[in-house]
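Heads up: the sequence shown runs through residues 32 to 282, numbered per the working numbering.
Ideal placement from N, C-alpha and C gives every residue a C-beta, glycine not left out.
Owing to the predicted nature of the structure, the values given are computational and were not obtained by experimental measurement.
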Amino acid sequence: FPTTGLSSKHTDEITKMVHEWKQEHALLYQLFVVEIRETQQNEAEIQMLSGLLSVKNSSYHDTRCCLRDTRQSILTVLESWAKDKSPEASGIFWLHGVAGCGKSAVASSISRRLRGDRSLAGTFFCWRSDVSRRDPVAVINALAFHLATANQTFRKKLIAALREPELVNSTSVAARFEHLLEIPLQALRRNPPTSTIRYVCVIDALDECTDGGRVAQYLVRVIELSNPWLKLIVTSRDLPHIRDVFGRFRS
């Protein structure tokens with residue numbers, strides 16, 4: 032740096048300015064590198080999580096909702112229950128009825144309402160005619176994905192589980208439930224969310240899922256671990272193996 036004709040005082044000031052400039056830009060460079068690494072990490076995590084939600088047409092769609100101004104009474108009941116923050120409120124609302132009575136339309140309509148007030152964590156619509164949408168593993172994967180989008184602590188634990196090689200290709204329902212839901216929820220229970228939001232997941236047509244009774248047991252366990260920050264709306268036909276699980280949960 033040329034200093035010809037400058038006093039020693041000015042030279043010292045310029046040297047100090049240059050040193051400060053180098054420090055400041057070195058810090059900016061470090062922050063830039065950190066930001067790039069975090070972006071790359073986030074992209075990798077998003078890719079890992081997106082693999083959990085690979086089943087097509089499993090989320091609710093507006094075209095499946097109830098006709099305008101219909102089913103208002105049950106939708107009001109569901110919405111009131113979803114917003115109920117009292118400790119006595121049940122964590123599972125089981126909506127059951129005969130085939131073709133409109134349960135899926137109600138599930139879609141309440142999903143739309145809950146999405147409007149940002150309390151909808153996610154949905155999964157089972158369907159017996161689609162091998163992917165009747166797979167219990169798909170239900171567990173989707174639920175884990177939705178909880179990860181709702182809670183950062185759960186997300187971190189889930190990402191750690193997804194990095195385990197033995198789990199990546201596992202099709203064991205029990206193993207995936209344990210590592211993708213139970214263990215992350217247990218960790219979250221020790222440090223519960225401070226938000227007052229009560230998130231809701233909607234599972235439609237559980238009776239069309241393979242081994243729906245077993246999945247119902249898993250759903251009950253999820254609520255036992257996540258109450259009161261998470262609730263579930265579950266629809267199905269009134270079948271004994273599902274009624275037995277939800278009946279014992281209520282009692």
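Tell me, to the nearest whole angstrom, how far the beta carbon of C232 is from that of V170; I am working on the premise that it is less than 8 Å.
Indexing the sequence shown from 1 puts residue 232 at position 201. Indexing the sequence shown from 1 puts residue 170 at position 139. That pair is no contact at about 10 Å.
Tell me which same chain residues have a C-beta within less than 6 Å of the C-beta of L178, skipping the five on either side of it?
The count along the sequence shown starts at 1 and reaches residue 178 at position 147. F185.
Whole angstroms is fine: what's the gap from F277's alpha carbon to N200's?
Indexing the sequence shown from 1 puts residue 277 at position 246. Indexing the sequence shown from 1 puts residue 200 at position 169. Roughly 31 Å between the two C-alpha positions.
Spatial neighbours of D299 within its chain, please: C-beta separation below 7 Å, excluding the five flanking residues on both sides.
This structure leaves residue 299 out entirely; the chain is present only between 32 and 282.
Quick check on this structure: which residue in G244, I264, Y230 and S267 has the alpha carbon closest to the alpha carbon of K116?
Residue 116 sits at position 85 when you count from the first residue of the sequence shown. Checked all of G244, I264, Y230 and S267; the closest Cα to K116 is Y230.
Taking a contact to mean a Cβ-Cβ separation below 8 Å, would you say S89 touches F155 in this structure?
By one-based count along the sequence shown, residue 89 stands at place 58. By one-based count along the sequence shown, residue 155 stands at place 124. It is a contact, given that the beta carbons lie within the stated cut-off.
How is W125 classed by DSSP in three states: helix, strand or coil?
The residue labelled residue 125 in the question sits at position 94 within the sequence shown. Strand at W125.
In the DSSP output, which residue or residues are listed as bridge partners for F285?
Nothing about residue 285 can be reported from this structure: the residues present for the chain run from 32 to 282 only.
With 16 other Cβ atoms within 10 Å as the buried cut-off, status of L98
Within the sequence shown, the letter at position 67 stands for residue 98. When all chains shown are included, L98 counts as exposed.
Return the residue from the list L261, F208 and K187 that minimises the CA-CA distance to T225.
Here residue 225 corresponds to residue number 194 of the sequence shown, with the count starting at 1. Here the closest residue by C-alpha is L261.
Considering only the beta carbon of each residue, do R268 and V162 sit closer than 8 Å?
Residue 268 sits at position 237 when you count from the first residue of the sequence shown. Residue 162 sits at position 131 when you count from the first residue of the sequence shown. Against a cut-off of 8 Å, the Cβ pair of V162 and R268 comes out as no contact.
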